[in-house]
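These notes are about the structure you will find just below.
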Ligand SMILES: NC(=O)c1ccc[n+]([C@@H]2O[C@H](COP(=O)([O-])OP(=O)(O)OC[C@H]3O[C@@H](n4cnc5c(N)ncnc54)[C@H](O)[C@@H]3O)[C@@H](O)[C@H]2O)c1
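Numbering (the working numbering), first residue to last: 8 to 317.
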C-alpha cells in the first residue's frame with residue numbers, strides 16, 4: 008500500500024498554499040515547488056494564518072508536518088506517495104511539469120491535479136505513462152471546503168483513484184467520484200447552471216445583483232449546505248417523498264425550465280454585474296470580503312461537523 012505520509016505540492020498559489028496548510032495539519036510532510044520569487048515566505052505565512060482555523064475545525068489532527076521548499080520539481084516528488092499539482096490552468100505549463108517529474112516518481116505514487124477546466128485526457132497528453140495521474144479537484148479554499156472531485160479513466164493505474172480517495176479521507180476531505188469526462192466536472196457545472204440564471208435575472212431587471220445573491224444565501228443556499236438538492240426535494244412533499252414531489256411539481260419545474268435564460272458572459276454582461284457588485288458591496292475590497300467568507304465558512308463547518316452522519 009502506498010505510504011501517504013510524504014507529499015509534494017507543485018504550485019503554491021491560491022490553491023496550492025491552502026493544500027499545503029491542510030496536509031501539514033494532518034501531519035503529512037510537504038515539499039513545495041513553486042518557481043515564483045518569495046513563494047516560500049508567502050506559503051509559510053499562509054500556513055501560519057490558516058492554522059488557528061484548522062485547529063478550530065479539528066483538521067489539525069497531528070503535530071504539524073515538516074514543511075520544505077525546493078527549486079527542483081523532481082526533488083519535490085522524490086519519495087512522495089502523494090503529489091498535488093496546482094500550477095496555472097494552462098496545458099503547456101502542466102505538460103512541461105509532468106515531463107520533469109515523471110522520471111522521479113516512486114512506482115506507486117499518485118499525482119492529483121487540481122485542474123478546474125482542463126480534462127484528465129488533455130492532461131494525460133503530457134505523460135509517457137499517465138498511470139499515476141488522477142483528477143483531484145478542490146474548491147477554494149481547499150483547507151475549508153471539504154469537497155474534492157476525483158476521477159481516473161482507462162489509462163489511470165488500477166488503484167490510483169482509490170489511493171487518492173484514501174489520502175483525501177486522511178486529510179479530512181469529502182470526495183465524489185466523477186465517472187465520465189465532461190468540461191467542468193460536476194460541481195462547477197452546477198455552479199455555472201445557477202449563475203447563468205442569476206445573471207439572466209439581473210440583466211432582465213427581475214432583481215438586483217445584491218438581491219439575487221441574497222435569494223441564494225438566505226434561502227436555498229442555507230439548505231444546500233445541509234443536503235443536496237434532490238434529497239431536499241425528497242423532503243418537500245411530506246411522507247410521499249421524491250415520487251410525490253415529482254408528481255406535484257412536474258408542471259411547475261417544466262414551465263420554469265422552459266423559461267430559463269441563456270445569457271452569455273460578454274463585456275456588456277460583465278459591466279452590468281460589476282456595477283451591481285459595486286452597489287452590493289459598497290466598495291468593500293475582495294480581500295476583506297474573503298476574510299468574512301472564510302470566517303462564515305469556518306463557523307458553519309465547526310457548528311455542523313458534530314451533526315454530520317457521513
Ligand atoms: N482558484 C480557484 O478558485 C481554483 C479552484 C479549484 C481549482 N483550481 C485549479 O488549481 C490550479 C491552480 O490555480 P490557482 O488559482 O492556485 O492559481 P495561482 O495562479 O494562484 O497559482 C499557481 C501557482 O503556480 C506557480 N507556478 C507557475 N508555473 C509553475 C510551474 N511550472 N511549476 C510549479 N508552480 C508553478 C505560480 O508561481 C503560482 O504560485 C489550476 O489548475 C486551477 O484551475 C483553482
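Each residue gets a CB set at the ideal place from its N, CA and C atoms; glycine is no exception.
(Q) I want to check one thing, is the minimum distance from the CB of residue 98 to the heavy atoms of ligand 1 below 6 angstroms? (A) no
Q.
Looking at residue 41: is its Cβ nearer than 7 angstroms to the Cβ of residue 19?
A. yes
(Q) Is any non-hydrogen atom of ligand 2 found closer than 6 angstroms to the C-beta of residue 95, if you look at the structure I gave you? (A) No copy of ligand 2 appears in this structure; the ligands present are ligand 1.
**Q.** Residue range of the alpha helix (DSSP H) that includes residue 269
**A.** Neither: residue 269 is in no alpha helix (DSSP H) and is coded neither H nor E.
Q: Give the range of the beta strand (DSSP E) segment to which residue 154 is assigned.
A: 154 to 158
Q: Measure the C-alpha to C-alpha separation of residue 135 and residue 112 and round it to an integer number of angstroms.
A: 12 angstroms
Q. If you pair each beta-carbon of the segment 298 to 308 with each one of the segment 52 to 66, do three or more pairs fall below 8 angstroms?
A. yes
Q: Leaving aside the five residues before and after residue 124 along the sequence, list all residues of the same chain whose C-beta is less than 6 angstroms from its C-beta, in chain order.
A: 96
**Q.** Same chain, Cβ closer than 7 angstroms to residue 121, five either side skipped, listed in chain order
**A.** 22, 91, 92, 93, 143, 144, 145
Q. If you pair each beta-carbon of the segment 176 to 183 with each one of the segment 153 to 162, do three or more pairs fall below 8 angstroms?
A. yes
**Q.** Euclidean distance between Cα positions of residue 196 and residue 291
**A.** 28 angstroms
Q) Between the C-alpha atoms of residue 251 and residue 237, what's the straight-line distance to the nearest angstrom? A) 13 angstroms
Q. What three-state label does DSSP hand residue 111 in the structure shown?
A. helix
Q: Measure from the alpha carbon of residue 168 to the alpha carbon of each residue in 117, 204, 126, then state which is nearest.
A: 117
Q: Compute every distance between the C-beta of residue 136 and the non-hydrogen atoms of ligand 1, then say whether any falls below 6 angstroms.
A: no
**Q.** CA-to-CA distance, residue 274 to residue 263, given in whole angstroms
**A.** 27 angstroms
Q | Nonlocal neighbours in the same chain, by C-beta distance under 6 angstroms from residue 148, ignoring five residues either side | A | 25
Q: Please say whether residue 107 and residue 138 have beta carbons closer to each other than 7 angstroms?
A: no
(Q) Considering only DSSP beta bridges, list what residue 89 is partnered with. (A) 14, 117
**Q.** Inter-residue spacing [alpha-carbon to alpha-carbon] between residue 31 and residue 45
**A.** 20 angstroms
Q: Could you pull out every residue in the same chain whose Cβ sits closer than 8 angstroms to the Cβ of residue 268, ignoring the five residues on either side in sequence?
A: 203, 204, 206, 207, 208, 210, 211
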